[in-house]
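**Q**
Residue numbers (UniProt numbering): 1 to 95.
Written out as C-alpha cells, the structure reads:
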C-alpha cells in the first residue's frame, strides 16, 4: 500500500493510493511521520534528446517546404504541357 502524506495548515493528512476523493482524509499524529530517504537518485541528461528533437522538427519543416516546392513544380509542368499541346494543335494543319 502506498501512502502519501501532505500538510495543510499544520495538520498532516494521510491519503491512500486507492482513495480518489479529497474528503477521505484522516488526521494523523506527527510522531507517526518518518522521513523516507531514497536509496538512489538518478539524473537523466536529456540534452541530446532535446537536440535531436529540434533537429527532427527542422527536418520536418524542410520536408514540408520541399513538398510544397515539388507540388508547385508539378503544377508548372502540367501547365507547360497544356501550352505545348495547344501550340502543337495550332501549328499542325489537320489532315
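Yeah, the Cβ is synthetic: ideal placement off N, Cα and C, and Gly gets one too.
Just so we're clear, the structure is a prediction, and the values are computed from it rather than from any experiment.
(1) Quick one: grab the DSSP three-state call for residue 48.
(2) Quick check: what's the CA-CA separation for residue 18 versus residue 35?
(3) So for residue 34, helix, strand or coil by DSSP?
**A** Answer, in terms of the structure:
(1) helix
(2) Residue placement at residue 18 is flagged as unreliable, the pLDDT there being 44, under the threshold of 50; the coordinate-derived value follows with that caveat. In a straight line, the C-alpha of residue 18 is about 22 angstroms away from that of residue 35.
(3) coil
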